[in-house]
Amino acid sequence: MLLHSSASSFARVRAARPGWRLARLGVALRRRLAVLAAGLCVAVAAPAALAHPHMWIDARATLVFDAQGRMAAVQQHWRFDEMFAAYAAQGLPTEKDGSLSAKTMQAMADDWMQALGEPISHFFTTVEVDGRKQAFGKPREARVTRDAKGLLALSFVLPLAKPAAPGAKGVQVDVFDPTYFVAYAFDEPDAVTLRAAPAGCKESYRSPKPLDWKTMQELAAIPADADGLPEELLAITKGLTHRIEVACS
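The letter at position 2 of the sequence shown is residue 593 when you use our numbering, and the numbering goes up by one with no holes.
Here's what the structure looks like:
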């Protein structure tokens, strides 16, 4: 049974600081998420340091099994917030109707996936199957899309290096950024699904515990270009995992 959270932690952080803006995007993204597409000229936001997180993602994940009933891949879809979309598209060549070409969006996808594969990011995803942490193979089917509202989304398939049988301990997938630069939400209907799973396998989703007000204010004092979080805050944000579990009977 899929469980949904009525209020996400990042929504509370956003509400705690009216007039939020994504500060120092050019520096911050290179450190945390992605090198923006070639030719992008990012205008660095002038005001000062604003709260962690600096980017919000509405996410979906599909856990994919192979014909032998083994866990094989995680297919993900990340829709970025409106501020990120505005900055990411700034300076890029557009078609006559103002849209981004398929070539431009594919270049964005390629750049982002390269950056996400670096150790500091590692796709913001960990997978355990039957209690064993899994290595990833080369991501595939990466693409960027832009909807009618101008929001950008990144879709990709993250395969396991070797498919693995769920076993008695099942499958556990965690999606999170331990530095809390990026905040995720799995609030949409059917945000977590299974594909080709063996009969008797069921998924569940657990959202992070809400942050307390004191922690949110401490995060609000950290600039976008900070090298990291203080140890006491990192210990908290490491627990802000979106956990997907699959149990097979």
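Even for Gly, the Cβ is constructed at its ideal location relative to N, Cα and C. Note that this is a predicted model, so its numbers are computed, not measured.
Straight-line gap, Y678 to D721 (C-alpha atoms, nearest Å): The residue you call residue 678 lines up with position 87 of the sequence shown. The residue you call residue 721 lines up with position 130 of the sequence shown. Y678 and D721: Cα-Cα distance of roughly 41 Å.
task: With DSSP as the reference, please indicate the residues paired to F747 in a beta bridge.
output: If you number the sequence shown from 1, residue 747 lands on position 156. Looking at the DSSP assignment, F747 forms a beta bridge with Q667.
message: Any contact between the stretch 685-695 and the stretch 751-768? By contact I mean 3 or more CB pairs, one from each, below 8 Å.
response: no
- request: Have a look at V837 and G791 and give me their C-alpha separation to the nearest angstrom.
  value: The count along the sequence shown starts at 1 and reaches residue 837 at position 246. The count along the sequence shown starts at 1 and reaches residue 791 at position 200. One Cα belongs to V837, the other to G791, and the distance between them is close to 10 Å.
- request: Taking the CB atoms as reference points, tell me whether A787 and R661 lie closer together than 7 Å.
  value: Looking up residue 787 in the sequence shown gives position 196. Looking up residue 661 in the sequence shown gives position 70. No.
task: In angstroms with no decimal places, state the Cα-to-Cα distance between L802 and L831.
output: Position 211 of the sequence shown, counted from the start, is the residue given in the question as residue 802. Position 240 of the sequence shown, counted from the start, is the residue given in the question as residue 831. Cα to Cα, the separation comes out at about 9 Å.
message: Classify W669: buried if its beta carbon has 16 or more other beta carbons within 10 angstroms, exposed otherwise.
response: Residue numbering aside, residue 669 sits at position 78 when the sequence shown is read from its first letter. Looking at its Cβ environment, which holds 16 or more other Cβ atoms inside 10 Å, W669 is buried.
query: On the three-state DSSP scale, how would you describe H833?
result: The residue labelled residue 833 in the question sits at position 242 within the sequence shown. Looking at H833 - three-state DSSP - the assignment turns out to be strand.
query: Near F671, which residues of its chain fall below 8 Å by C-beta distance, leaving aside the five closest residues on each side in sequence?
result: Here the question's residue 671 lines up with position 80 in the sequence shown. Excluding positions up to five away in sequence, the list reads M646, W647, I648, A679, L742, L743, A744, L745.
message: Would T695 and T784 qualify as a contact pair, given that the criterion is a beta-carbon distance under 7 Å?
response: The residue you call residue 695 lines up with position 104 of the sequence shown. The residue you call residue 784 lines up with position 193 of the sequence shown. The answer is no: Cβ separation not under 7 Å.
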